[in-house]
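This note's numbering applies: residue -8 is where the sequence shown begins, and numbers increase by one. Ideal Cβ positions, reconstructed from N, Cα and C, are used throughout, including at glycine. A quick write-up on the structure given underneath.
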Amino acid sequence: MEERRKYPRIKISLPVKLYIDSTNQNAISTNISEEGMQVMSQTDIPKNSSLNVCINCDNDIIFDEYTVIESKKNTSNTFLLSGKFKKNKNPDKIALVKKYLENRREYFKKIKENKNKCQYL
């Protein structure tokens, strides 16, 4: 199957807030790219719905408008929402996500190194 996406997606699980009308809901990202994102939500949001999203990458916050392109049932309690950001080709989002991932890698690398040192004492 040929890949439809123009930009590579990064598989990452980040907390996401979905702002729909006057309510907000927690969701989890499953992947993100310069142009769009997929989230796991407990609410089925109709195709072509516009909403605001807030993605928390440690100290960095990504806030943008988001349009739902597809919603499909994932499990009995969740839905996978695929969509696009309003601003196409936004490399700043990806730069923040990559920075977050690099910080996490360094953090876990240090934990592993310290754990290995403790084993030999």
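**Prompt:** Start and end of the beta strand (DSSP E) containing I23?
**Reply:** 14 to 23
**Item:** C-alpha gap between E104 and R96, whole angstroms
**Value:** 12 Å
**Asked** Start and end of the beta strand (DSSP E) containing P6?
**Response** 6 to 11
**Item:** E97 in three-state terms, based on DSSP
**Value:** helix
**Message:** Distance check for N94 and V30, CA to CA, integer angstroms please.
**Reply:** 22 Å
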